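K.L.:
For reference, the structure I am asking about is given below.
Chains as they are written, first to last, in UniProt numbering: chain A, 1 to 336; chain B, 1 to 336; chain C, 1 to 336; chain D, 1 to 336; chain E, 1 to 336; chain F, 1 to 336.
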């Protein structure tokens, strides 16, 4: 199987244990994560060859982050070691009506200040069959946006499938360019787009037709019209009953019709971070494995559901475990 | 804003981690708390100047307890360091149908043996606008009851608002006087009284009229009649579905009518201790901030609901967080 | 009160903390447990004299396991120290739709390789009033099956009550004999049999009559007919909504009629391992204490419900705590 | 072998991990210990039947303390469960020039308030061959002193060997009687006395003769003359280079001459608490095993040396490990 | 007593537990420290009123850092909350021949980007008797250097004692100005200068005269000549035998002669960070307490020696504990 | 650079934290290690391409062990997943005169029962430049000995350098063949032999000539004579002052003369396990890097010295760190 290649920042994640608040913690639990790298690591765990491309400072922390992804079987050979510091984020885990909370400390990181010329995409992608990026990366800096642009261009050149999770976060876009100016070009290079109705409105000014039977379908039709390369528009729907209980289902539109999955009750939630990345990894696995879009979607949602039971950013599950959930076996009965 | 001053014992709290039972624990988690000091610390976190008055042994443990409250911004300058030992309590955290369990070890503590003459209330209260006490303190010893009496008298003299949480615990009254003899005089000095129907019956022999439309209102009317200084009678109603799931709402009566808040589902409960103290702190904050009794009550209940998601005795939340819950935003959606 | 004697393997249990997966754990929590020894330890905690008989390697790990049961008041004097290694099992705790998972590593253990001649059952049982065994033991090895056979024979000789929990686990039977050949003789020696409808079908080829009003009763009637010594057939019914939420009730048939208990909601589940052993211990306590089968059954189910709130294999509860649940007090209200 | 019986208070020991100071600790490590019970537990570990007699409150903490000693094989059947609270001590572990520090919180404990009539010494000692007490017990309260007196009297009546570790701590004697008045009578009932030159001076007014060749011998001769029942006077000599490095040797006089052991370098010290109790347990083991006083003494000192490498109050070592040190094998070479 | 005011950055300190390397740590221990704030916190612990002035981001991390120093009694009211992020440093603790290692991540911190105009030094210093700064602060940024300059100027205007620890670290000076250009003006404003011979050479081009009897005296004489306001030049001498064993002594010159302290053996070292800050705090305490320079110096060195036995940046010791070491009592004998 | 390939068992290592004894541990720290794999992991950390060949059970534990070595950059693609269980060892860490203690539980492991035919050595070694084995592997089972024999034969065939660490442990040889019969053939295939004088006597019956000037040289000369392929005989000399303090130096003989390194003081020892493996990895690195045998030896000894400061089996150090120690910089001075 050809490699799936992902590109994006990996941050050190520091979080108080259990549900402690920031000011209570005598120690912070440490792991490393990033939206795109989480996809690569999940894929490796599902048996798909995966490589992640990023930029780290050349110090003990950058090397420790590299090692974590190496451990999970991600090919990290393309890592560029250059720049001042490792990006960080602090996570406080909520409960019941108290939300979890993320404090980012990523400005001025090695990735923020990367040099696009350090990445030879034709070389990096030479064994790849799929490139995945997210809207987080072009939001970080002009350089990161440029590198994303070059990666997508190379992938198109090499005939590689491209997926993008537009994942619009208003607060992130601080470097002087507007998401609305940057993102359309990137979206246009994709075969698969993860995009909610809010994202489409915010980024592309696309709103469901007022007379549409289904607003997601209406949005997806316009997205496909706008970006002819895009074949599939997919997303998840999450209902947040509380910080400890969510429901999750998936939607996909590919021109032929709307595909929807059953909804899973996520309760109790062990760790909500990385739920979307687990969905994407599952969807890519599914797309590479199953002929039907709906099964790929269903695999993605089931994988994401399982992610919520696992500590850390990354979905440490096997294909068999996801398939069990897909079959409707959500009883959690003890395995001996 | 003028200081809110609280008076009462602070104990070392020792509890096995997670849901371990006492006999399983190789280590005990350590924090410090006390019903009245918890109110002061919560208020400090809400931005209200707060001081706590207590008595500690002059040893490393008394100093460590002082430091914890100093850390949270409570003015601890009135602490008296004298006496033999720090009071303790051991807490075992239950789950589902297994209740949490408290073992007190407070007899013979520095606070139990305090000397009322050590507290110069006119000096202590000179910058205060509000005095808060609870029924725990006069239950500890004749000396503690006497100091409470003197504090209330000074507050009345200085025209300071007084609140009392009668909080009747039968087991505590061991020193030879009856709650029924001690409490009425103290309640009589209050502007605000936290008092449930059970408390009113047990302490004041007040029972709702059998033909009353609303039993809480009937009780509150009699309390107001009995203690003319008391303007507001307030309480919370808690339904304990299990050790991990409670519901909580608030009631207040001020002569004009009954005020009730919506009920919050508390699930899962992270730490139930200090829920009532968080309510009181929220109510005091609300009273100092809002013109309407109902908003003060609602702030208190929302604050208390949040407390159940936080480890330790003290409600470590901000005004913005409580207001979010008051607005009905209890979805716990991740904040980035 | 005469001793209850149990016989079976005790394993070291190693589990990642919280809900971490095996590959994430920098440390494993350590305790010791085994189906039969868990019964003895629970009984000791309920005030019933209890002894456990087992075989350990003569090393630090065997001695540490012995000490854990000694600590809980189990008479461990009959332990045989001989053989190569201590059996182990690794437990990963699930959540929501992710099941908990057990990896056994017990082959070649001291117990697996025990010598039946090391156990002088007439001596061991001389102060006993009850012998309890489970279907795990004869599944381990021919030697373990032989020792079980001898224990039951001695108990019958001495007029001691015998209970057996048939607990059929297909994967365990690896040493060349079939459960279907070994178990009937052992079951025939029992006064009380824990046996579900699946167990009866798998082990004894007994299926409920197609026209039976109640399938459990139909099965139990056939079991009693088949094994005349068996007076009571009992079992629990567990509905697994998720790894974090189960429901539990009990069934018993004694010839006179069907006895059923109310169902308990187990949510959240702290530790599901040992739930069946806690039931058995509770049932034995109940049988020794109450004249009515239903109360014994109800005590067993209430005890098992509480076990799900307690870490580790063993039910660390008192008689008073179980009785409180039996009375329907499952509110988990804080005890001070 | 006949039982060794010890009598004294067991306290909960709470200590910050590693070298943290009291005010830094978010959790306290928990164990239970007491000078005399430590001797019993060490002896049980050395294979000597041992029982400890004490008084605990009838609550979860008293039961947890009982279980710890049961675990180590100490016969705890004579425990009296009565009284208000468990005594506690807080231990801060020093390093280099910073001393370790103990804060006692034992006043008003169940043991402090024990009723001597609860202990039927003739019954307790009926299977005993040796009674051991320390000077801590009569220092706690008049009741504890009285119980000690009665225990010694019963032992003398039954012809049992009695050892006492006079262990004078000035701060402990608070209840109104002077050590100098209480201790001589108790010492007079002993066969073996652990007594340093300082102790002899403080308690008995005995000073080495100014012209004595060896001051310890001179003291011991006077002690023997003063208390004719005393046959052996023993002690350890400790040089404290720092909190992390001590040297330790032993001295004994039995009328026939002075016996001295080599000195051990204790570096690094893992836990210094219980070093004296480990010596006493080793000496009792040695006295019951070896014909020569010097070997008993040497066993005690080697056992005590090993104790300094072990966490907690109790010396968890085997006879073989102590003998290895006695032979001079202190190289700590890895055993596989 | 008048306040001692310190000024400088406080960073979050994150370190693997024990001697683990960065890449091994599943969690990082968390505390907050900074060279100048450590001095303030130590002084508060010694009973000297102390305030610290700094700049934090207005987020949960800045508030948590504030709370830590509030807890220790430092007046934090002058904290400016503004700017992007909290500075961090990562500490890996070595052993034997493996050095401890610090990775700084402080660029772009709130303090780095502070606005000097936010600090009204005349107001801040109005109750102060002493101002302390270090060479770390002017090394961070031009703004930080400017604020230091203004603080010193205000102190001189108000007649307050000024101490400066020149603490030259070449790697820190990255913002475009040379230490050699910035530092002389700042040093010129001091009454007390902490300065080693290397510092004097690097910063001021001052070298001991080749024929000098004592090189430290020769340096100090030239420093005093160069900066007439400087009365005392002090320093510590550290010999690093290994990461676990250092020796430490102190030197001072005040025109009248050379003062030297005995050398302390620091073994084992618990935490070496903050050793110099503890010295400075001790020296300030000593200067405010004792008439003789040598006693102030000796107090500083003894305090620093104790710091090496304490976890974290800050010296959590009492005056009595330091005095004990000053008297030569370094035996670390257990205190009960 | 060509790969270094190692072959041998990897075990799960479980150890109580700090210096706790087995029976005290509520949790065991978890890592994975094995003499040969430790060499591969150390080499990868030094920048040398390294692969390890082993056999694991196809379960979560085997995969977790694989991931640990993948994390450190070891090529694990040749792992055979087959067989029943993962080998384990339990480690108790001593202090001062108390030795560390290892309890092995490796019988019946997947590696013990490996099938030599599963390893295609010509394929495995095709990119290799060096093969390393130890005497542990042929001691495990006849199959493991056979696989070792085949690996060495293939290496010889392919002209690859072979090193063997004879590492004789009498207790290990349990499967019916004698080390004296198996080892000579394996040693004969080596270019480099790690062999102490005791090993040579025990395994090959080689004793230093009684008139030899240097006994190591005499032994090495005979070994070289006996096994003509062997060019270098090397070893370390360890003096164990205590479990916490050792000294270490190295010896090598290559026909030309004796090479010796300085001795390092290892104090305090953080973790002694893997010290020999770190030496071997350092020696291989040195041999691949330096032209002189003495420098290779010195690098090995310095690397091993550093290993004693690092937790776990594996030497997590860089070339620069080892070189610093080689230069004599053992002061452990803080690096910022």
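Cβ coordinates follow ideal geometry from the N, Cα and C atoms, glycine included. Bear in mind that the values here come from a model prediction, so they are computed numbers and not experimental data.
So is residue 132/D buried or exposed if we call it buried at 16+ other beta carbons inside 10 Å?
P.N.:
buried
K.L.:
Along the alpha helix (DSSP H) that carries residue 163/D, what are the first and last residues, could you check?
P.N.:
Where residue 163/D is concerned, there is no enclosing alpha helix (DSSP H), although the beta strand (DSSP E) it sits in stretches over 161-165.
K.L.:
Can you list, in chain order, the residues of its chain with a C-beta nearer than 6 Å to that of residue 238/A? Leave out the 5 residues immediately preceding and following it.
P.N.:
246 and 248
K.L.:
Beta-carbon of residue 72/E versus every beta-carbon of chain A: anything under 9 Å?
P.N.:
no
K.L.:
Look up residue 174/A in the DSSP assignment and say whether it is helix, strand or coil.
P.N.:
coil
K.L.:
My parser needs the beta strand (DSSP E) runs of 3 or more residues fully inside the stretch 25-95 of chain D; what are they?
P.N.:
27-33, 50-53 and 88-92
K.L.:
Can a CB atom of chain D be found closer than 9 Å to the CB of residue 3/C?
P.N.:
no
K.L.:
Between the stretch 100-111 of chain A and chain B, which residues of the former have CB atoms less than 8 Å from a CB of the latter, in chain order?
P.N.:
100, 101, 102 and 104
K.L.:
Under the assumption that residue 125/E contacts residue 155/E (Cβ atoms under 8 Å), give the Cβ distance between them as a whole number of angstroms.
P.N.:
6 Å
K.L.:
Looking only at its own chain, which residues have a Cβ that is under 6 Å from the Cβ of residue 68/E, when we skip the five neighbours before and after it?
P.N.:
32
K.L.:
Report yes or no: do three or more beta-carbon pairs, one from the stretch 132-142 of chain E and one from the stretch 3-11 of chain E, lie closer than 8 Å?
P.N.:
When C-beta atoms of the stretch 132-142 of chain E are compared with those of the stretch 3-11 of chain E, three or more pairs fall below 8 Å, so the two segments count as touching.
K.L.:
Rounded C-beta distance between residue 184/F and residue 150/F? I'm assuming under 8 Å.
P.N.:
Not confirmed; about 17 Å, so no contact.
K.L.:
Can you round the beta-carbon distance between residue 106/B and residue 139/B to whole angstroms, since I take them to be within the 8 Å contact cut?
P.N.:
Between residue 139/B and residue 106/B the Cβ distance is about 11 Å, and since that is not below 8 Å, they are no contact.
K.L.:
Residues in its own chain within less than 7 Å of residue 305/F by CB, not counting five upstream and five downstream?
P.N.:
248, 264, 266 and 325
K.L.:
Measuring CB to CB, does residue 195/C end up less than 9 Å from residue 203/C?
P.N.:
yes
K.L.:
Going by Cα to Cα distance, which pick from 187/D, 120/D and 101/D is closest to residue 220/D?
P.N.:
Check the Cα spacing between residue 220/D and each of 187/D, 120/D and 101/D: the tightest is with 187/D.
K.L.:
Looking at the unbroken beta strand (DSSP E) that takes in residue 265/C, where does it start and where does it end?
P.N.:
Per DSSP, the unbroken beta strand (DSSP E) holding residue 265/C starts and ends at 264-266.
K.L.:
Quick check for students: name the residue ranges of the beta strand (DSSP E) that lie wholly in the stretch 188-233 of chain A, counting only runs of 3 or more.
P.N.:
192-194
K.L.:
Within the same chain, show all residues whose beta-carbon is closer than 7 Å to that of residue 70/F, passing over the 5 residues directly before and after it, in chain order.
P.N.:
76
K.L.:
Would residue 68/F pass as an interface residue toward chain A - the criterion being a Cβ-Cβ separation below 9 Å?
P.N.:
yes
K.L.:
Please report whether the beta-carbon of residue 308/E lies at a distance below 9 Å from any beta-carbon of chain F.
P.N.:
no
K.L.:
How many angstroms separate the CA atom of residue 23/E from the CA atom of residue 60/A?
P.N.:
7 Å
K.L.:
Considering only the alpha carbon of each residue, which of 317/C, 119/C, 252/C and 12/C lies closest to residue 278/C?
P.N.:
317/C
K.L.:
In whole angstroms, what is the alpha-carbon distance linking residue 81/E and residue 285/B?
P.N.:
24 Å
K.L.:
For the alpha helix (DSSP H) that residue 13/E lies in, which residues bound it at each end?
P.N.:
Not the alpha helix (DSSP H): residue 13/E falls in the beta strand (DSSP E), residues 11-15.
K.L.:
Does the beta-carbon distance from residue 103/B to residue 111/B come in below 9 Å?
P.N.:
no
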